[in-house]
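Line order of the protein sequences matches chains A and B. All residue numbers for the first sequence refer to this note's numbering, where the first residue is 1 and numbers rise by one. All residue numbers for the second sequence refer to this note's numbering, where the first residue is 431 and numbers rise by one. Note that CB positions come from ideal geometry on N, CA and C, so glycine has one too. If you're wondering where the values come from, they're calculated on a predicted model, not measured in any experiment. For reference, the structure is listed below as structure tokens.
There are 2 protein chains.
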Amino acid sequence: MPLKANDPSRKSWIPVPADSDFPIQNIPFGVFLTRDDVITIGTRIGDHAIDLGALHQLGYFKDIPLTDDIFLQDSLNDFISDGKKTWRLVRNRISELFEQGNRELQDNEEHRGIVLFTMDEIEMQLPVQIGDYTDFYSSREHATNVGKMFRDPENALLPNWLHIPVGYHGRSSTIVPGGTPIRRPYGQTMPQGKDSPVFGPSGLVDFELEMAFITTDANAMGDPIPVTEAEDYIFGLVLFNDWSARDIQKWEYVPLGPFLAKNFASSISPWIITLDALEPFRVASPKQEPEPLPYLRHSGKNSFDIRLEVELTPEDGEPTTISRSNFKYLYWSMAQQLAHHTVNGCKVNSGDMMGSGTISGPTPDSYGSMLELAWQGTRPIRLKNGETRKAIEDNDTVTMRGYCLKNGLRIGFGEVSTKLLPALPPRKTK
Amino acid sequence: MPLKANDPSRKSWIPVPADSDFPIQNIPFGVFLTRDDVITIGTRIGDHAIDLGALHQLGYFKDIPLTDDIFLQDSLNDFISDGKKTWRLVRNRISELFEQGNRELQDNEEHRGIVLFTMDEIEMQLPVQIGDYTDFYSSREHATNVGKMFRDPENALLPNWLHIPVGYHGRSSTIVPGGTPIRRPYGQTMPQGKDSPVFGPSGLVDFELEMAFITTDANAMGDPIPVTEAEDYIFGLVLFNDWSARDIQKWEYVPLGPFLAKNFASSISPWIITLDALEPFRVASPKQEPEPLPYLRHSGKNSFDIRLEVELTPEDGEPTTISRSNFKYLYWSMAQQLAHHTVNGCKVNSGDMMGSGTISGPTPDSYGSMLELAWQGTRPIRLKNGETRKAIEDNDTVTMRGYCLKNGLRIGFGEVSTKLLPALPPRKTK
Chain A
1 MPLKANDPSR
11 KSWIPVPADS
21 DFPIQNIPFG
31 VFLTRDDVIT
41 IGTRIGDHAI
51 DLGALHQLGY
61 FKDIPLTDDI
71 FLQDSLNDFI
81 SDGKKTWRLV
91 RNRISELFEQ
101 GNRELQDNEE
111 HRGIVLFTMD
121 EIEMQLPVQI
131 GDYTDFYSSR
141 EHATNVGKMF
151 RDPENALLPN
161 WLHIPVGYHG
171 RSSTIVPGGT
181 PIRRPYGQTM
191 PQGKDSPVFG
201 PSGLVDFELE
211 MAFITTDANA
221 MGDPIPVTEA
231 EDYIFGLVLF
241 NDWSARDIQK
251 WEYVPLGPFL
261 AKNFASSISP
271 WIITLDALEP
281 FRVASPKQEP
291 EPLPYLRHSG
301 KNSFDIRLEV
311 ELTPEDGEPT
321 TISRSNFKYL
331 YWSMAQQLAH
341 HTVNGCKVNS
351 GDMMGSGTIS
361 GPTPDSYGSM
371 LELAWQGTRP
381 IRLKNGETRK
391 AIEDNDTVTM
401 RGYCLKNGLR
411 IGFGEVSTKL
421 LPALPPRKTK
Chain B
431 MPLKANDPSR
441 KSWIPVPADS
451 DFPIQNIPFG
461 VFLTRDDVIT
471 IGTRIGDHAI
481 DLGALHQLGY
491 FKDIPLTDDI
501 FLQDSLNDFI
511 SDGKKTWRLV
521 RNRISELFEQ
531 GNRELQDNEE
541 HRGIVLFTMD
551 EIEMQLPVQI
561 GDYTDFYSSR
571 EHATNVGKMF
581 RDPENALLPN
591 WLHIPVGYHG
601 RSSTIVPGGT
611 PIRRPYGQTM
621 PQGKDSPVFG
631 PSGLVDFELE
641 MAFITTDANA
651 MGDPIPVTEA
661 EDYIFGLVLF
671 NDWSARDIQK
681 WEYVPLGPFL
691 AKNFASSISP
701 WIITLDALEP
711 FRVASPKQEP
721 EPLPYLRHSG
731 KNSFDIRLEV
741 ELTPEDGEPT
751 TISRSNFKYL
761 YWSMAQQLAH
771 HTVNGCKVNS
781 GDMMGSGTIS
791 GPTPDSYGSM
801 LELAWQGTRP
811 IRLKNGETRK
821 AIEDNDTVTM
831 RGYCLKNGLR
841 IGFGEVSTKL
851 LPALPPRKTK
């Protein structure tokens, strides 16, 4: 049954620019700081943010079973913990309240003044307190490209890749919302042809174009989540830039995986787009051959057609779009990732985040990292200002955008845009 | 300057059995549920737990700057966040209050009745809410044993091992206190000589004898912690059993590291022993050759002489000690681990946990995992009841203990004891 809030004919009494990612059919969830320095949970329509904490205090959610302070928090974790039924009731109510014909709030100037903000009046925060963060490696094209470059071009995919949604644990403490500048990291690297490592700023900082989903409390420790139920425990998705230092990674990652090459910073877009809002854009995942083991089998449309792009902007320069990819290229679905993650009884909590892995498409202009786009530095990317890039340089800004578009309905993620600051000056060592 | 609370001549008016891990010189910190179902932060002397929340309410910490509810919490995170100076003031005050000659509380029967519990009246909880958990791989003997078994006996250590305190991110959500039984996990494995994987309960569940340290908020994102300051940000240590499913690990871990083979469960001892309490037991780490890069160099005694043992108890059987090791065997110090972890600007928070990696000693009876003790199944371990083990079997209990002993002073960790329950019965798949 189609969700009422997804009705494409619905319009809001809040003006929505023609190419906006945030029509009334979106209703994302985020956390922001208001002009009065209050932290609240909110949503967005067009270029206006809506304070859900204030709306709830004013009684606009009175028919929905919600605790009084559910939106007066600095993270969405408790709301997400309320579960899918509640998410839908709230989304439907917001959709109804801001629909063109609804006069309840529209005619109440005082209330409008309390709950509505223009985007420049607020500061977006991290939407969830992320307990555990896992990163998958679910793009066949990306895994193949990496295998070709670093291992065997003839056997690029490792033997387990077509059987397992390969993933690993990442670090939550350095996940920041878009807009937060990050620093070029220091680290150990082993220079080509040398036999002892050196220490200094990474010379190969890279982005990874990913998306990530946010879960609700899904299971007791010891209990797996069946693949056919897994989507019920996914609240929504964000854009995700999994910053990577390739030179540090190369030296450190055998045998236990990437560590300092990744955990200096990861950036996410601040609005979580619910699976409900993405429903009209469902598509099938790529055919899986060989067929996965039974615990990973599901049928139907388990992916979404989300257009992705990456823009690189040098300091004082204009942006160049350097990649266009799509979420639908991912080989393993989110449901498969979550079922695999919990098949051993691993517990998933509200606010956990799971990244897709770099989303590379089939063509060289759809690769999701500079490593692949410039093919290990052998095909430098040309920018509009004439400069070239094999890696991200100091004061470059990387911006990722994502949106769905079908029959005139556009549901988008906004952007995650991050500037890479130069490394700190070296410290004196004793 | 020696810490007053470490004075070995000090005795408590609470009786302390001769071989107790918890004399008045220990003063560990933990979280427990009282007979009245109240969660509180506490300490332990002998076989008595002390409710620090109640002690504080009764005014016994009035000269220390502490918030009113600092101990009335379900985790130590906020207290740990108060920093080393406060930890010491509180430890000194507890030491003073429970010292033989001190009558303040000793003579107040009503107050004693409120704050003192016997250990069977309380239920220990996880002491911290662990934000991020990292596991290192810092035992040279363990890394060498694994290299000999799985890679090249002649070049057992990987090239980066002597330069980097190798580590990787683990999962916080499934870390449980000792006493919590865990379940044999399901997972994918690739049977020897086959070319497609199978799904079922792991056949090779193993323990890993580790210790782990708990940090305080140490740095802003982007700022490294110098190795010479790192210990100031370590609150204390616990025993740590890093449960592992070797068959799952073997199939999944290339190229991104262990994942489901580890995240089904990890067990810690519930009392955190502070670095201050361990101070009398400092020893030097093994000599490091080649010398590490400058950011990892420190001098002096950077390790601790902590005797460790592992006991295996089959159901209805008697315990067999299967390993005796020591924390001092670790090649990389905690200070080096923390300095390395943050050298790229990675942020460390209060309550983060960092495991040592399996602590194997130089002799076969000091190896820290069944994998090594039974040398990949080729030398089964014999138990006292005549049974043998190559891996942990259903309903086996693994118990780890640790203590320091010097000049008659014993400071211990208690134990982490965990029963492995059989796998859940298989579910029907659609």
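By the beta-carbon neighbour count (other beta carbons within 10 angstroms, threshold 16), S626 of chain B is exposed. Interface residue (Cβ-Cβ distance to chain B less than 9 Å): D352 of chain A is classified as such. By the Cβ criterion, the stretch 235–251 of chain A is not in contact with the stretch 568–579 of chain B, since fewer than three pairs of Cβ atoms, one from each stretch, lie closer than 8 Å. About 6 Å separates the CB atoms of T604 of chain B and S696 of chain B; that is less than 8 Å, so the two are in contact. Distance from the CA of G300 of chain A to the CA of A284 of chain A, rounded to the nearest whole angstrom, comes to 6 Å. Scanning its chain for C-beta atoms nearer than 6 Å, with the 5 sequence neighbours on each side dropped, one finds around S20 of chain A the residues G46, in chain order. Here A707 of chain B is buried, its C-beta having at least 16 other C-beta atoms within 10 Å. Taking C-alpha positions only, D499 of chain B is separated from G483 of chain B by approximately 7 Å. E659 of chain B and M641 of chain B have their C-alpha atoms some 21 Å from each other. In the three-state DSSP reduction, S603 of chain B falls in the coil class, being neither helix nor strand.
Secondary structure at Q618 of chain B: strand, using DSSP grouped into helix, strand and coil. Taking a cut-off of 8 Å for Cβ pairs, the stretch 303–320 of chain A and the stretch 124–141 of chain A do not touch, as fewer than three such pairs fall below it.
For Y253 of chain A, the secondary structure class from DSSP, reduced to helix, strand or coil, is coil.
Counting along the chain, the unbroken alpha helix (DSSP H) around V115 of chain A starts and ends at E109 to V115. For D508 of chain B, the enclosing alpha helix (DSSP H) starts and ends at N507 to S511. Separation of the CB atoms of L839 of chain B and Q503 of chain B is rounded to 31 Å, and the pair is thereby denied contact status at 8 Å. Any Cβ of chain A closer than 9 Å to the Cβ of F665 of chain B would place that residue at the interface, and such an atom is absent. Distances from the CA of I811 of chain B to each of B:T464, B:D636, B:D437 and B:N538 were compared; the closest alpha carbon is that of B:D636.
Residue contact with chain B for L312 of chain A: absent (no Cβ-Cβ distance below 9 Å to any residue of chain B). Within the same chain, P453 and G476 come within 6 Å of V446 of chain B by CB-CB distance, once the 5 residues on both sides are set aside.
DSSP places F566 of chain B inside the beta strand (DSSP E), whose first and last residues are Y563 to F566.
Ranked by Cα distance from K62 of chain A, the options A:I41, A:N77, A:R93 and A:I39 are led by A:R93.
CA-to-CA, the gap between S323 of chain A and A374 of chain A works out to about 11 Å.
Below the 8 Å Cβ cutoff, chain A contributes no neighbours of H541 of chain B, its closest Cβ being approximately 36 Å away. Linking W443 of chain B to R533 of chain B through their CA atoms gives a straight-line distance of about 9 Å. Distances from the alpha-carbon of T788 of chain B to those of B:K820, B:T751, B:D672 and B:K836 put B:D672 closest. Restricting attention to B:G791, B:P744, B:L726 and B:E741, the CA atom closest to the CA of M764 of chain B is found in B:L726.
Note on geometry: alpha-carbon atoms of E845 of chain B and T827 of chain B lie some 12 Å from one another. Interface flag for C404 of chain A against chain B is unset, since no Cβ pair is found closer than 9 Å. Using a Cβ distance threshold of 9 Å, N815 of chain B and E709 of chain B do not count as a contacting pair.
The contact set of T604 of chain B on chain A, defined by CB atoms closer than 7 Å, consists of M221, C346 and K347 in chain order. Spanning the alpha carbons of V558 of chain B and F117 of chain A requires a straight line of approximately 38 Å. Residue-level contact check: A230 of chain A does not touch chain B, since none of the beta carbons of chain B fall below 9 Å from its beta carbon. Proximity to L801 of chain B across B:A675, B:F694 and B:E745 peaks at B:A675, based on C-alpha coordinates. Looking at A:L312, A:T189 and A:P426, the one whose alpha-carbon comes closest to that of T388 of chain A is A:L312. By the neighbour-count criterion, in which a residue is buried when 16 or more other Cβ atoms sit within 10 angstroms of its Cβ, E110 of chain A is exposed.
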